[in-house]
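Have a look at the structure below before the remarks.
Numbering (the numbering used here), first residue to last: 9 to 350.
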């Protein structure tokens, strides 16, 4: 019986020592192929996954039902279909592939083929990518693939019973005053962090605004940094999430004209500024307005604040951290999390 065990990177040797203490008869390969955070375990007798998970250094354990060194997507999909025969009737499922090494196929290729193969064999099953009852898990390590089944809550339990944050963040348009500095590297660094934050929350869009003439060099540098930040975070999300992730679109607007254009009853305009009110003073009214609004515009300053004349156009001017000044690249995180935790 084989098992694929994952740990935080750099902790795999500690975890393997603890496994050996409990099960001296097992055979262990630590960091196979040089991949950190990974242990391959082989045992003549079956070992309870629950007992292995009593070791806190272990994150996940997959008991391998079938394995192959014939790394063709069609072959792996066929094996997934066979393994899925063990899923109880009427259940929902998803296929998840973790691929390590160089191959002429992608994880998505196998997930799509395997999902189709399972549905062909088991018409009583249904696909559920967000919260499946069971997961057909494929672990690929160079030229070896192991396939097993995990209960859905083993992977998705951190989400079950919690409201999806995207119900709010998908309605948020972030309005970011452009950051200006003499050093282009500093501008690009701040812009990249802003892009990563916007993409992390999967907001509706990011609107870069200016309130005075800005040099083309600064504007190009800032936008390049924003796009780089969005792309880098999006790549991580695509690898990590079991769903499609949209890249946050970026617009450029003149600040005052934007305020004129978005002043509608169905929109909510929030400006963050140290001169604003504390969230706790307007919590209930803010919650009600958020629920009733179609789109929420959050304006954040940079190394300059949003001009005070704009406050008259806002539904709320909020001081998110009284007596504390946070950096420009922290503004998005501070403002979005504040609304998520109302």
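Quick reminder that beta carbons are idealized off the backbone N, C-alpha and C, glycines included.
C-alpha of residue 256 to C-alpha of residue 216: approximately 12 Å in a straight line.
Positions of the beta strand (DSSP E) runs, each at least 3 residues long and wholly inside the region 283-349, are given as 303-308, 324-327 in order along the chain.
DSSP places residue 50 in the uninterrupted beta strand (DSSP E) bounded by 46-50. By the CB criterion at 7 Å, residue 23 and residue 55 fall outside the cutoff. Between the region 325-345 and the region 281-293, the count of C-beta pairs closer than 8 Å reaches three or more; the two stretches touch. Taking a contact as a CB-CB distance under 8 Å, the pair residue 277 and residue 323 counts as one, their CB atoms being some 5 Å apart.
Just so you know, the alpha carbons of residue 182 and residue 249 end up roughly 23 Å apart. In this structure, residue 154 places its C-beta atom within 7 Å of the C-beta atom of residue 72.
Across the set 134, 178, 239, 140, the C-alpha of 178 shows the shortest separation from the C-alpha of residue 305. Among the bridge pairs identified by DSSP, residue 233 is matched with none.
Between the region 179-199 and the region 129-139, the count of Cβ pairs shorter than 8 Å is below three; the stretches do not touch. CA-CA distance, residue 262 to residue 279, rounds to 16 Å. Restricted to the region 55-94, the alpha helix (DSSP H) segments that are unbroken, complete and at least 4 residues in length are 57-60, 81-91, listed in chain order. Every unbroken stretch of the alpha helix (DSSP H) spanning 4 or more residues and falling wholly within the region 237-288 is given here in chain order: 263-270. Look at residue 198 here: in three-state DSSP terms it is helix. The three-state secondary structure of residue 28, taken from DSSP, is helix. The way I'd put it, the region 43-53 doesn't touch the region 86-101; fewer than three beta-carbon pairs between them come closer than 8 Å. In the DSSP secondary-structure assignment, residue 143 is bridged to 102, 158. Residue 119 sits buried, since 16 or more C-beta atoms from the chains shown fall within 10 Å of its C-beta. Cβ-Cβ distances below 6 Å link residue 210 to 174, 177 in the same chain, with the five nearest sequence neighbours on each side left out; the list follows chain order. Ranking 125, 144, 122, 149 by CA distance to the CA of residue 107 puts 149 first.
Straight-line measurement puts the Cα of residue 63 at about 11 Å from the Cα of residue 29.
Rounded to whole angstroms, residue 36 and residue 26 show a C-alpha spacing of 11 Å. Between the C-alpha atoms of residue 343 and residue 69 there is a straight-line separation of about 37 Å.
Only residues of its own chain outside the window of five on either side were considered, and among them 173, 176 have a CB closer than 7 Å to the CB of residue 348, listed in chain order.
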